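See structure below.
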Amino acid sequence: MAGKTQAEGKLTRYLLGTLSESEREGIESEYLSDEDAFEQILIAEDELVDAYARDELSAKERKQFEEKFLNSPSGQERVLFARTLAEAVSDARPVSAPAIAAKSRSPGFVATLWAGLTRWRLAGVAVAVALIVGFLWLLADRASMRRQLQALRAQNERLSQKSEELQRSADAERVRNTELAAQLQTEKERQQAIKSEQGQKNVSRNEYVADNRRVQSGAMPGVDLNTQEFSLTSGSTRGGGGHALKLRNNAKLILLRLNLETEASHEGYRASIETAEGRVVKSIDVLKPQSNRHTIVLPAIPAADLQPGDYILSLTGKRADGSFEPVASYSFRIRRR
Amino acid sequence: MDSKVSLKKEWVLTKEAFDRFLAMLDRDREQAGQKYESVRIRLVKYFKWSGAPEPDSEADETINRVARKIEEGATVYNLPAYIHGVAKLVRAESLKSPMRKQQVLEEAYGVQAKPIDDHFDASERRTCLNRCLQCIPEENREIIIEYYQEEKTRKIECRKELAARLGITLNALRINAHRIRMSLERCVRECLAQYA
Numbered sequence: 001m002a003g004k005t006q007a008e009g010k011l012t013r014y015l016l017g018t019l020s021e022s023e024r025e026g027i028e029s030e031y032l033s034d035e036d037a038f039e040q041i042l043i044a045e046d047e048l049v050d051a052y053a054r055d056e057l058s059a060k061e062r063k064q065f066e067e068k069f070l071n072s073p074s075g076q077e078r079v080l081f082a083r084t085l086a087e088a089v090s091d092a093r094p095v096s097a098p099a100i101a102a103k104s105r106s107p108g109f110v111a112t113l114w115a116g117l118t119r120w121r122l123a124g125v126a127v128a129v130a131l132i133v134g135f136l137w138l139l140a141d142r143a144s145m146r147r148q149l150q151a152l153r154a155q156n157e158r159l160s161q162k163s164e165e166l167q168r169s170a171d172a173e174r175v176r177n178t179e180l181a182a183q184l185q186t187e188k189e190r191q192q193a194i195k196s197e198q199g200q201k202n203v204s205r206n207e208y209v210a211d212n213r214r215v216q217s218g219a220m221p222g223v224d225l226n227t228q229e230f231s232l233t234s235g236s237t238r239g240g241g242g243h244a245l246k247l248r249n250n251a252k253l254i255l256l257r258l259n260l261e262t263e264a265s266h267e268g269y270r271a272s273i274e275t276a277e278g279r280v281v282k283s284i285d286v287l288k289p290q291s292n293r294h295t296i297v298l299p300a301i302p303a304a305d306l307q308p309g310d311y312i313l314s315l316t317g318k319r320a321d322g323s324f325e326p327v328a329s330y331s332f333r334i335r336r337r
Numbered sequence: 338m339d340s341k342v343s344l345k346k347e348w349v350l351t352k353e354a355f356d357r358f359l360a361m362l363d364r365d366r367e368q369a370g371q372k373y374e375s376v377r378i379r380l381v382k383y384f385k386w387s388g389a390p391e392p393d394s395e396a397d398e399t400i401n402r403v404a405r406k407i408e409e410g411a412t413v414y415n416l417p418a419y420i421h422g423v424a425k426l427v428r429a430e431s432l433k434s435p436m437r438k439q440q441v442l443e444e445a446y447g448v449q450a451k452p453i454d455d456h457f458d459a460s461e462r463r464t465c466l467n468r469c470l471q472c473i474p475e476e477n478r479e480i481i482i483e484y485y486q487e488e489k490t491r492k493i494e495c496r497k498e499l500a501a502r503l504g505i506t507l508n509a510l511r512i513n514a515h516r517i518r519m520s521l522e523r524c525v526r527e528c529l530a531q532y533a
């Protein structure tokens with residue numbers, strides 16, 4: 001415990017229990033009544049514990065210290081702390097002892113602390129490097145995620161297009177189904193009407209044939225007695241002597257067979273019958289002809305729908321995009337006999 | 338004598354007695370509480386440095402006796418001196434206790450002091466100390482490291498230089514280092530309690 005002042009030495013001796021009774025009581029009286037004096041003796045205790053931990057006490061002092069301090073857990077704990085602190089401080093010290101001496105002769109405060117805190121600085125650098133590496137990794141990861149996102153977007157775009165195509169296809173199919181259903185319905189109605197007529201009338205086959213032969217404009221034989229079938233050629237206008245269709249009084253249905261100048265090439269057709277005044281009497285959708293591609297047979301039209309007079313039948317063809325374009329025009333006049 | 342001691346120990350500190358004792362320390366209740374803590378800490382150290390077997394119990398016994406005397410109407414002009422006087426009596430009694438007698442005998446016959454029993458691994462202590470050093474302000478960390486860096490004679494010179502650089506007296510530096518060290522010791526104790 002070299003290098004102590006006289007007062008410090010006295011306090012150390014008090015702590016080791018080697019003072020006389022009067023000296024001891026003087027110190028005790030002082031620190032029991034004065035905070036500063038108490039703090040001074042606590043500092044002396046720190047120094048004593050440190051000196052023991054660093055093995056700086058004489059053999060006698062060491063024995064006295066052990067008797068006084070090591071008998072209690074708190075005393076032992078203080079020694080262990082002092083040892084740990086001495087190790088930590090020693091590790092924080094610069095490596096070369098002469099270098100320390102040289103440094104301490106003309107030291108700068110900051111420089112001295114800098115040397116003493118090498119470990120802390122190294123730890124700081126390690127943390128900084130870890131942060132930079134982590135940041136770079138995040139950047140790379142982000143770039144990779146961006147590429148994946150772009151690929152997903154492109155894939156999504158392709159799927160959308162495909163979906164739209166399928167939707168269009170489904171719409172076209174639906175329209176076609178609707179047309180088929182309408183045509184089927186018309187055919188059913190026609191068959192129903194025929195059956196009904198057969199039940200009421202009993203006209204002989206011969207009479208039908210004879211009657212049919214009298215029809216002008218190339219009227220064709222029908223499939224039953226109350227149906228009259230006519231074949232129309234395009235281009236006939238009202239002024240130019242359109243087809244004159246003479247209907248029998250008992251004719252209930254009219255079948256119109258439309259001759260085409262060219263082969264039927266559209267997806268479907270629509271026939272619109274208008275009066276001379278331009279009033280639409282009938283609009284009929286028909287399918288593409290299956291066998292004879294130069295003729296379109298319209299579903300049967302109730303004779304009651306076509307009163308005597310002049311009519312124009314406009315045939316339009318359905319394009320692939322669903323729109324219609326003009327194909328042919330037929331004019332005819334309905335007469336009753 | 339024995340019966341007298343026994344009677345004293347049977348007396349229990351009442352709230353009224355304790356309040357009177359606090360009022361003697363300071364009129365302000367909060368200040369009185371702080372002074373009470375300070376007195377108790379000093380008494381514990383007093384008994385510890387005196388080699389008493391149970392410093393905490395003896396410090397409490399001293400305060401109880403002083404409080405009792407005040408409650409009984411004793412006139413106290415100098416409270417610290419009065420406390421010191423009572424403490425000396427308690428110490429004298431404790432040094433006669435069987436536990437203390439055993440200690441004295443062991444010392445007389447040269448029985449070795451208890452070896453240091455460390456319940457923790459050295460690395461655990463070191464880890465705790467490193468953590469605690471990180472918890473204190475950087476300025477304090479630098480002071481404590483430099484303050485304890487050198488050994489023996491070099492230590493005094495370095496501390497004087499450090500005090501000069503900090504622009505404070507050597508005594509102020511010692512007090513400052515002591516307070517930092519106290520906070521570190523407390524921190525390490527709490528840290529080690531987590532390992533226990």
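Chains A and B, in that order, are what the protein sequence lines are.
Final position of the first sequence in this note's numbering is 337; the numbers increase by one with none missing.
Final position of the second sequence in this note's numbering is 533; the numbers increase by one with none missing.
Ideal Cβ placement from N, Cα and C applies to all residues, glycine included.
A quick note: this is a predicted structure, and the numbers were derived from the prediction, not measured.
**OP:** Taking a Cβ distance cut-off of 9 Å, strictly less, list which residues of the stretch 12-43 of chain A are near chain B, in chain order.
**Re:** With the criterion set as a beta carbon lying under 9 Å from some beta carbon of chain B, the members of the stretch 12-43 of chain A are Tyr14, Leu15, Gly17, Arg24, Glu25, Glu28, Ser29, Tyr31, Leu32, Ser33, Asp34, Glu35, Asp36, Phe38, Glu39, Gln40, Ile41, Leu42, Ile43, in sequence order.
**OP:** Note down, in chain order, every chain B residue with its Cβ under 7 Å from the Cβ of leucine 85(A).
**Re:** Residue mapping note: residue 85(A) aligns to position 85 of the first sequence, counting from 1. Here the neighbours are Leu466, Tyr485.
Original post:
How about arginine 518(B): is its C-beta nearer than 8 Å to some C-beta of chain A?
Top reply: Within the second sequence, the letter at position 181 stands for residue 518(B). Judged by the 8 Å Cβ criterion, arginine 518(B) is in contact with chain A.
Original post:
What residues from chain E crowd round leucine 131(A), counting only those whose CB sits closer than 7 Å?
Top reply: Annotation note: the requested chain E is absent from the structure, which comprises protein chains A and B.
**OP:** Answer yes or no: do arginine 333(A) and leucine 247(A) have a C-beta to C-beta separation smaller than 8 Å?
**Re:** Here residue 333(A) corresponds to residue number 333 of the first sequence, with the count starting at 1. Here residue 247(A) corresponds to residue number 247 of the first sequence, with the count starting at 1. Their beta carbons are not under 8 Å apart, which means arginine 333(A) does not touch leucine 247(A) by this criterion.
**OP:** Give a yes or no on contact between the stretch 26-39 of chain A and the stretch 52-63 of chain A, applying the rule of three or more CB pairs nearer than 8 Å.
**Re:** no
Original post:
At what residue ranges does the stretch 383-415 of chain B contain a whole run of the alpha helix (DSSP H), taking only runs of 4 or more?
Top reply: 392-408
Subject >> DSSP three-state assignment for asparagine 467(B), whether helix, strand or coil >> reply: In the second sequence, residue 467(B) corresponds to position 130, counting from 1. Looking at asparagine 467(B) - three-state DSSP - the assignment turns out to be helix.
**OP:** Step through the CB atoms of chain B and report whether any lies within less than 8 Å of the CB of leucine 122(A).
**Re:** For the purposes of this step, residue 122(A) is identified with residue 122 of the first sequence, where counting begins at 1. No, its Cβ sits nowhere closer than 8 Å to a Cβ of chain B.
**OP:** Report yes or no: is there a C-beta of chain B within less than 8 Å of the C-beta of aspartate 46(A)?
**Re:** Against the first sequence, residue 46(A) aligns to sequence position 46. Taking Cβ atoms only, chain B reaches closer than 8 Å to aspartate 46(A), which makes this a yes.
Original post:
How would you write the range of the alpha helix (DSSP H) that alanine 514(B) sits in, first residue to last?
Top reply: To locate residue 514(B), count along the second sequence from 1; it is residue 177. Start and end: 507-532.
Subject >> Neighbour list for valine 525(B) in chain A, Cβ cutoff strictly below 7 Å >> reply: Here residue 525(B) refers to the residue found at position 188 when the second sequence is read from its first residue. Neighbours of valine 525(B) on chain A, chain order: Phe81.
Original post:
Cα separation between tyrosine 208(A) and glutamine 198(A)?
Top reply: Working through the first sequence from its first residue, we reach residue 208(A) at position 208. Working through the first sequence from its first residue, we reach residue 198(A) at position 198. Because the pLDDT of tyrosine 208(A) is 39, which lies under 50, any placement of that residue in the model is unreliable, and the question is left without a value.
Original post:
On the three-state DSSP scale, how would you describe proline 73(A)?
Top reply: Along the first sequence, read from residue 1 onward, the residue named residue 73(A) stands at position 73. Of the three classes helix, strand and coil, the one that applies to proline 73(A) here is helix, per DSSP.
**OP:** Determine, using beta carbons only, whether proline 308(A) and leucine 253(A) come nearer to each other than 8 Å.
**Re:** Position 308 of the first sequence holds residue 308(A). Position 253 of the first sequence holds residue 253(A). Not closer than 8 Å, so no.
Subject >> Residue range of the beta strand (DSSP E) that includes leucine 315(A) >> reply: As a working note, residue 315(A) is residue 315 in the first sequence. First-last of the beta strand (DSSP E) with leucine 315(A): 309-318.
Original post:
Thinking just about the alpha-carbon of each residue, which of Val297(A), Tyr330(A), Phe324(A) is nearest to the one in leucine 313(A)?
Top reply: Indexing the first sequence from 1 puts residue 313(A) at position 313. Of the listed residues, the one whose Cα sits closest to leucine 313(A) is Tyr330(A).
**OP:** Give me the Cα-Cα distance between glutamate 527(B) and glutamate 8(A), rounded to the nearest whole angstrom.
**Re:** For the purposes of this step, residue 527(B) is taken as residue 190 along the second sequence, with counting starting at 1. For the purposes of this step, residue 8(A) is taken as residue 8 along the first sequence, with counting starting at 1. Cα to Cα, glutamate 527(B) sits roughly 31 Å from glutamate 8(A).
Original post:
On the premise that aspartate 310(A) lies in contact with lysine 282(A), defined as a C-beta separation below 8 Å, what is that separation, rounded to the nearest angstrom?
Top reply: Your numbering for residue 282(A) matches position 282 in the first sequence. Your numbering for residue 310(A) matches position 310 in the first sequence. So it is not a contact: roughly 15 Å between Cβ atoms.
Original post:
Whose Cβ in chain B lies nearer than 8 Å to the Cβ of arginine 54(A)?
Top reply: Along the first sequence, read from residue 1 onward, the residue named residue 54(A) stands at position 54. Here the neighbours are Glu488.
Original post:
Just the Cα atoms here: how many angstroms apart are alanine 44(A) and phenylalanine 38(A)?
Top reply: The count along the first sequence starts at 1 and reaches residue 44(A) at position 44. The count along the first sequence starts at 1 and reaches residue 38(A) at position 38. Cα to Cα, the separation comes out at about 10 Å.
**OP:** Output, in chain order, the set of chain B residues within a Cβ distance shorter than 7 Å of lysine 68(A).
**Re:** Along the first sequence, one-based indexing puts residue 68(A) at 68. Gly388, listed in chain order.
Subject >> glutamine 486(B) (DSSP reduced to helix, strand or coil) >> reply: Numbered from 1 along the second sequence, position 149 holds the residue referred to as residue 486(B). Coil at glutamine 486(B), not helix or strand.
Original post:
Taking DSSP as the reference, what is the three-state secondary structure of valine 349(B)?
Top reply: Along the second sequence, read from residue 1 onward, the residue named residue 349(B) stands at position 12. Looking at valine 349(B) - three-state DSSP - the assignment turns out to be coil, as it is neither helix nor strand.
Original post:
Just checking my contact of aspartate 363(B) with lysine 372(B) at CB under 8 Å: how many whole Å lie between their CB atoms?
Top reply: In the second sequence, counting from the first residue as 1, residue 363(B) sits at position 26. In the second sequence, counting from the first residue as 1, residue 372(B) sits at position 35. So it is a contact: roughly 6 Å between Cβ atoms.
Subject >> Rounded separation between glutamate 461(B) and arginine 516(B) - CA only >> reply: Taking the first residue of the second sequence as position 1, residue 461(B) is located at position 124. Taking the first residue of the second sequence as position 1, residue 516(B) is located at position 179. Roughly 23 Å separates the two Cα atoms.
Original post:
So, glutamate 538(B) versus valine 427(B), is the Cβ gap smaller than 8 Å?
Top reply: Lying before the first or after the last residue shown, residue 538(B) is absent from chain B, which here runs from 338 to 533.
Subject >> Nearest to threonine 178(A) (by Cα), restricted to the options Leu287(A), Gln6(A), Ser22(A) >> reply: Within the first sequence, numbered from 1, the residue matching residue 178(A) stands at position 178. Closest by alpha carbon: Leu287(A).
Original post:
In whole angstroms, what is the alpha-carbon distance linking glutamate 487(B) and cysteine 495(B)?
Top reply: On the second sequence, residue 487(B) is found 150 positions in, with the first residue counted as 1. On the second sequence, residue 495(B) is found 158 positions in, with the first residue counted as 1. Straight-line Cα distance between these residues: approximately 7 Å.
**OP:** For glycine 317(A), collect the residues of the same chain with a Cβ closer than 7 Å to its Cβ; drop the 5 residues on either side in sequence, then sort them by chain order.
**Re:** Walking along the first sequence from the start, residue 317(A) turns up at place 317. The answer, listed in chain order, is His266, Tyr269, Phe324, Glu325, Val327.
**OP:** Name the residue from Ala514(B), Gln531(B), His421(B), Ala533(B) whose alpha carbon lies nearest to the alpha carbon of threonine 399(B).
**Re:** By one-based count along the second sequence, residue 399(B) stands at place 62. Ranking the options by Cα distance to threonine 399(B), first place goes to His421(B).
Subject >> Exposed unless 16 or more other CB atoms sit within 10 angstroms - verdict on proline 299(A) >> reply: Here residue 299(A) refers to the residue found at position 299 of the first sequence. When all chains shown are included, proline 299(A) counts as buried.
Original post:
Comparing alpha-carbon positions, which option in Arg319(A), Gly278(A), Leu258(A) lies nearest proline 289(A)?
Top reply: Stepping through the first sequence from its first residue, residue 289(A) is reached at position 289. That would be Leu258(A), whose Cα lies nearest to the Cα of proline 289(A).
Original post:
Who does serine 283(A) pair with in a DSSP beta bridge?
Top reply: Counted from its first residue, the first sequence places residue 283(A) at position 283. According to DSSP, serine 283(A) bridges with Ser272(A).
**OP:** Report back the beta-carbon spacing between leucine 470(B) and threonine 84(A) to the nearest angstrom; my notes put them in contact at under 8 Å.
**Re:** The residue given as residue 470(B) occupies position 133 in the second sequence. The residue given as residue 84(A) occupies position 84 in the first sequence. 11 Å between Cβ atoms; not a contact.
Original post:
isoleucine 359(A) by DSSP, collapsed to three states: which one?
Top reply: Since the first residue shown for chain A is 1 and the last is 337, residue 359(A) is missing from the structure and cannot be characterised.
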